Amino acid sequence: MLSTELAGVKLKNPTVLASGILGVTGASLSHVAKSGAGAVTTKSISLKERKGHLTPVIATYEHGMVNAVGLSNAGAEETLPEIEFAVKNAGVPVIASIFASTITEFGKVAAAVSKANPHIIEVNISCPNVDDEFGRPFACDPGIAAVVTKKVKKSTNIPIFIKLSPNVHNIGPIAEAVQNEGADGITAINTVGPGMIINIEAATPILTNRVGGVSGPAIKPIAVKCVYEAYKATKLPIIGTGGVTTGRDAVEMIMAGASAAGIGTGVYYRGPEIFSKVSKEIQEFMDKEGYKSINEMRGIAHEE
Amino acid sequence: MKNDEFIVVKIEEVHKESKDTITLTIPYKLNSKPGQFVMLWLPGSGEKPISLSGEKDGKFTVSVCAVGSFSQAVNNLKKGDKIGFRGPFGTHYKLPKDCTSIATVGGGYGSAPLSYLTEEAISQGKKVYFIEGARTKTRLLFTERMRKLGAEVLLSTDDGSEGVKGYSTDVLKNVLETHKIDKVFTCGPEIMMKKVAEISKEFKIPSEVSMERYMKCGIGVCGQCCVDDLGICLCTNGPILSGELALKIKEFGVYHRDPTGKKV
Chain A
15 MLSTELAGVK LKNPTVLASG ILGVTGASLS HVAKSGAGAV TTKSISLKER
65 KGHLTPVIAT YEHGMVNAVG LSNAGAEETL PEIEFAVKNA GVPVIASIFA
115 STITEFGKVA AAVSKANPHI IEVNISCPNV DDEFGRPFAC DPGIAAVVTK
165 KVKKSTNIPI FIKLSPNVHN IGPIAEAVQN EGADGITAIN TVGPGMIINI
215 EAATPILTNR VGGVSGPAIK PIAVKCVYEA YKATKLPIIG TGGVTTGRDA
265 VEMIMAGASA AGIGTGVYYR GPEIFSKVSK EIQEFMDKEG YKSINEMRGI
315 AHEE
Chain B
15 MKNDEFIVVK IEEVHKESKD TITLTIPYKL NSKPGQFVML WLPGSGEKPI
65 SLSGEKDGKF TVSVCAVGSF SQAVNNLKKG DKIGFRGPFG THYKLPKDCT
115 SIATVGGGYG SAPLSYLTEE AISQGKKVYF IEGARTKTRL LFTERMRKLG
165 AEVLLSTDDG SEGVKGYSTD VLKNVLETHK IDKVFTCGPE IMMKKVAEIS
215 KEFKIPSEVS MERYMKCGIG VCGQCCVDDL GICLCTNGPI LSGELALKIK
265 EFGVYHRDPT GKKV
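Chains A and B are the protein sequences, given in the same order. Under my numbering, the first residue of the first sequence carries the number 15, and numbering increases by one thereafter. Under my numbering, the first residue of the second sequence carries the number 15, and numbering increases by one thereafter.
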């Protein structure tokens, strides 16, 4: 039994398309859903359109990827039909990812995307490439993360998941702070860093933005540890994201405390088929080890 | 092994094709096939998908028309300047063994990948009708090279300054009516390619088009080049698509999306 639940939203399997990957259009999200994802997340949406950074915006290396797409999107109003298309056609829960550069704007964009009726709103307070009004990601301070959560919670009736940053000393107090303000769940983690890749023949950083968030297999141990800490600090469902490429990786996330496993950079390694492959691999592991449900495995790495 | 590492080498040769189009020869063995593209990188100016216009003897060529700031910067490059790229990416034109006679239909600089295909087809002993259309004579590309290769070069211009006055699709129709053609290949403006796919369908001849969208990653992850309503990425599932599949894409010849994802 691969089914799982995120704040009352039922998933047929625990794989979730992470934000920023194949999430620009409703048709693309539906295509990923048909490739086996248990839920799909849109690329992050802001109130107004954003052009993003000049290419190159993505560079890969031996152990993952560095990206600074720059949160390009068409703006909430223009993106509503894309979310609606996905809600209608994907056949799986749709998570609308939102971001803003001020607390007031977070409330507005949450209200705006709610019109398209996504199943969950994911609040991206942790993009490492864009600073907030305080000059650093909102997710780096428990007090500020809590204020954003409160604002978004007031602006919508849809369950909200707060996407947290790994670039903090301890994610636990931040998870606890957003729980206290009514968050329905947590997504952990966003990309690590930022990092930099220099091409030595060109003698320059590859990304035009020079730095970018690090993702992929290299960051999995950091992600697992963050999920572990968030689980210990709260009672919230967690989408464990960061370096999940195989069913075994997904099980690791679940044992750390995740209810579902986000997959982003994994699409680069295994294509959109990664979702059905990972599901199959989780099932094979469960059969071999005698686990009956996802819930049975959830957080068991905490037992001493 | 993934082929998306950024490679930076010195340009071996710069050839001016026309007033605003140059061909760069880059000394690197890509193992590409006609129709595939590279992400061409010019530090500071950006990175764009560019179809290959040829590859042989461990060197490949790209032909770039100056239309925006990036392609203008490429047009200013000199022999010995450094250039970055990754690839080859995407699907390629397929030349079935049993097809002996093909027609290619190119519009302007869309002829670049078709010139690569023509070279390949002729080396396999196939007969090629190389149809090319442009606004005016000075915008026609690769025609001499194709003639020398032995292709039947058939031209059209909107103003009648060279070849037939009118559209390349009319030339194609005429060729299909008078010759036995096994497969049709096209690259150029989408309206033209759509017409080519429709005409080929009418004549019950298989066709392949080269469909492009704004691309950022080139490796099937960013989702910028996904098309409605199929939701497939054109950087990995394209750019080369069967005409039949292309005609199922709602936005083919109708709209595309800008870098933010907005329909334009």
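Glycine is no exception: its CB is placed at the ideal position from the N, C-alpha and C atoms. Owing to the predicted nature of the structure, the values given are computational and were not obtained by experimental measurement.
Task: Other residues of its chain near Lys306(A): CB distance less than 8 Å, five sequence neighbours each side excluded - done: Looking up residue 306(A) in the first sequence gives position 292. These residues qualify, in order along the chain: Met15 and Met300.
TODO: Report the neighbours of Asp242(B) on chain A: residues whose CB is nearer than 7 Å to its CB, in chain order.
DONE: Your numbering for residue 242(B) matches position 228 in the second sequence. The contacting residues are Thr39 and Ala41.
TODO: Could you tell me which chain B residues have their CB closer than 9 Å to the CB of Ile44(A), listed as they occur along the chain?
DONE: Along the first sequence, read from residue 1 onward, the residue named residue 44(A) stands at position 30. Looking at the sequence provided, one finds Ser at residue 44(A) rather than Ile. Simply Asp243 and Gly245.
Task: Distance CB(Lys73(B))-CB(Pro48(B)) smaller than 8 Å - done: Within the second sequence, residue 73(B) is the residue found at index 59, counting from 1. Within the second sequence, residue 48(B) is the residue found at index 34, counting from 1. Not closer than 8 Å, so no.
- [ ] Look up Tyr143(B) in the DSSP assignment and say whether it is helix, strand or coil.
- [x] In the second sequence, the residue the question calls residue 143(B) occupies position 129. Strand at Tyr143(B).
Task: Nearest candidate by alpha-carbon position, reference Thr76(A), set Ile203(A), Asn194(A) and Ile211(A) - done: On the first sequence, position 62 is the one that residue 76(A) refers to. Checking the displayed sequence, the identity of residue 76(A) turns out to be Glu instead of Thr. Nearest option by C-alpha distance: Ile211(A).
Open item on the list: Please state the DSSP three-state secondary structure of Val83(A).
Closed with: Against the first sequence, residue 83(A) aligns to sequence position 69. Val83(A) falls in the coil class under three-state DSSP.
Open item on the list: Rounded to whole angstroms, what is the Cα-Cα separation between Gly124(B) and Lys209(B)?
Closed with: If you number the second sequence from 1, residue 124(B) lands on position 110. If you number the second sequence from 1, residue 209(B) lands on position 195. Their backbone Cα atoms lie some 15 Å apart in a straight line.
TODO: Please decide whether Pro41(B) counts as near chain A, where near means a Cβ-Cβ distance under 8 Å.
DONE: Taking the second sequence and counting its residues from 1, the one referred to as residue 41(B) is at position 27. Not one chain A Cβ lies under 8 Å of Pro41(B).
Task: Helix, strand or coil at Gly121(B) [DSSP, three-state] - done: Taking the first residue of the second sequence as 1, we reach residue 121(B) at position 107. The answer is strand: DSSP assigns Gly121(B) an E or B state.
Open item on the list: I want to verify the contact list: residues of chain B whose CB lies under 9 Å from the CB of Gly285(A), in sequence order.
Closed with: The residue given as residue 285(A) occupies position 271 in the first sequence. Going along chain B in sequence order, the residues near Gly285(A) (Cβ under 9 Å) are Gly234 and Thr250.
Open item on the list: As a quick exercise: from Thr39(A), Val101(A) and Ile200(A), pick the residue whose alpha carbon is nearest that of Pro273(B).
Closed with: Position 259 of the second sequence, counted from the start, is the residue given in the question as residue 273(B). The shortest Cα separation from Pro273(B) among Thr39(A), Val101(A) and Ile200(A) belongs to Thr39(A).
Open item on the list: Any beta carbon from chain A within less than 8 Å of Thr75(B)'s own beta carbon?
Closed with: Translated into the one-based positions of the second sequence, residue 75(B) becomes position 61. Chain A, which has no Cβ nearer than 8 Å to the Cβ of Thr75(B), makes this no.
TODO: Report the partner residues of Glu61(B) according to the DSSP bridge assignment.
DONE: Taking the first residue of the second sequence as 1, we reach residue 61(B) at position 47. Beta-bridge pairing links Glu61(B) to Trp55(B).
Open item on the list: With the cut-off set at 8 Å, would you say Ser256(B) and Ser65(B) are in Cβ contact?
Closed with: If you number the second sequence from 1, residue 256(B) lands on position 242. If you number the second sequence from 1, residue 65(B) lands on position 51. In this structure, Ser65(B) does not lie closer than 8 Å to Ser256(B) by Cβ.
- [ ] On a CA-only basis, which of Val78(B), Ala80(B), Leu168(B) and Glu134(B) is nearest Glu146(B)? Give me that one, please.
- [x] Mapped onto the second sequence, residue 146(B) falls at position 132. Ranking Val78(B), Ala80(B), Leu168(B) and Glu134(B) by Cα distance to Glu146(B) puts Leu168(B) first.
Open item on the list: Which of the three DSSP states is assigned to Ile172(A) in this structure?
Closed with: As a working note, residue 172(A) is residue 158 in the first sequence. Note: Ile172(A) maps to coil in three-state DSSP.
- [ ] Just the C-alpha distance for Leu20(A) and Lys26(A), rounded to the nearest angstrom, thanks.
- [x] On the first sequence, residue 20(A) is found 6 positions in, with the first residue counted as 1. On the first sequence, residue 26(A) is found 12 positions in, with the first residue counted as 1. Those two C-alpha atoms are separated by around 11 Å.
TODO: Assign Thr250(B) to one of three DSSP states: helix, strand, or coil.
DONE: Reading the second sequence from its first residue, position 236 is the one you call residue 250(B). DSSP places Thr250(B) in coil when its eight states are reduced to three.
- [ ] May I have a chain-ordered list of the alpha helix (DSSP H) segments no shorter than 4 residues that lie completely inside the segment 25-104 of chain A?
- [x] 40-48 and 90-103
Open item on the list: Check whether chain B comes within 8 Å of Asn184(A), counting only Cβ atoms and requiring the distance to be less than that.
Closed with: For this step, residue 184(A) is matched to residue 170 along the first sequence. No, its Cβ sits nowhere closer than 8 Å to a Cβ of chain B.
Open item on the list: Our contact map puts Ala270(A) next to Tyr242(A) with C-beta atoms below 8 Å; I'd like the distance itself, whole angstroms only.
Closed with: The residue labelled residue 270(A) in the question sits at position 256 within the first sequence. The residue labelled residue 242(A) in the question sits at position 228 within the first sequence. Yes, Ala270(A) and Tyr242(A) are in contact; Cβ-Cβ is about 4 Å, under 8 Å.
Open item on the list: So for Leu16(A), helix, strand or coil by DSSP?
Closed with: Position 2 of the first sequence, counting from 1, holds the residue named residue 16(A). In this structure, Leu16(A) counts as coil in the three-state DSSP scheme.
TODO: Answer with yes or no whether the minimum CB distance from Thr274(B) to chain A is below 8 Å.
DONE: As a working mapping, residue 274(B) is identified with position 260 in the second sequence. Yes, Thr274(B) counts as interfacial toward chain A.
TODO: Please work out which residues of its chain come closer than 8 Å, Cβ to Cβ, to Arg312(A), disregarding the five sequence neighbours upstream and downstream, and give them in chain order.
DONE: Here the question's residue 312(A) lines up with position 298 in the first sequence. Result list for Arg312(A): Ile268, Met269, Gly271, Ala272 and Ser273, in chain order.
Open item on the list: Going by DSSP in three states, Glu176(B) sits in which element: helix, strand or coil?
Closed with: Within the second sequence, the letter at position 162 stands for residue 176(B). In this structure, Glu176(B) counts as coil in the three-state DSSP scheme.
TODO: Name, please, each residue of chain B whose Cβ falls closer than 9 Å to the Cβ of Gly66(A).
DONE: Here residue 66(A) is taken as the residue at index 52 of the first sequence, counted from 1. The answer, in chain order, is Lys230, Pro273 and Thr274.
TODO: Under 8 Å Cβ to Cβ from Asp95(B), same chain only, skipping five residues before and after it: list those, please.
DONE: Against the second sequence, residue 95(B) aligns to sequence position 81. The residues are Lys24 and Ile25.
- [ ] At 4 residues or longer, and completely inside the segment 210-283 of chain A: list those alpha helix (DSSP H) runs for me, N to C.
- [x] 234-247 and 261-270
Task: Per-residue contacts from Glu61(B) into chain A (C-beta, under 7 Å) - done: Looking up residue 61(B) in the second sequence gives position 47. Residues of chain A passing the Cβ test: Thr69 and Pro70.
Open item on the list: According to DSSP, simplified to helix, strand and coil, what is Val161(A)?
Closed with: What you label residue 161(A) is simply residue 147 of the first sequence in a count that begins at 1. Three-state DSSP puts Val161(A) in a helix.
Open item on the list: Shorter than 7 Å, the distance from the beta carbon of Ile314(A) to the closest heavy atom of the ligand ADP, or not?
Closed with: You won't find the ligand ADP in this model; it holds no ligand whatsoever.
Task: Exposure of Asn90(B), with buried meaning 16 or more beta-carbon neighbours within 10 Å - done: Taking the second sequence and counting its residues from 1, one reaches residue 90(B) at position 76. Answer is exposed; the Cβ neighbour count stays below 16.
TODO: Could you give the DSSP three-state label for Asn184(A): helix, strand or coil?
DONE: Taking the first residue of the first sequence as position 1, residue 184(A) is located at position 170. The answer is coil: DSSP assigns Asn184(A) none of H, G, I, E or B.
Task: Cutoff 7 Å; reference Ala32(A); Cβ partners in own chain excluding five residues on either side - done: Taking the first residue of the first sequence as 1, we reach residue 32(A) at position 18. Excluding residues within five positions, the ones whose Cβ falls inside 7 Å are Thr55, Thr255, Gly276, Ile277 and Gly278.
Task: Beta-carbon contacts of Ser290(A) that lie in its chain and below 8 Å, excluding the five residues immediately before and after - done: Stepping through the first sequence from its first residue, residue 290(A) is reached at position 276. For Ser290(A), where only same-chain residues beyond five positions count, the Cβ hits under 8 Å are Ser49 and Gly50.
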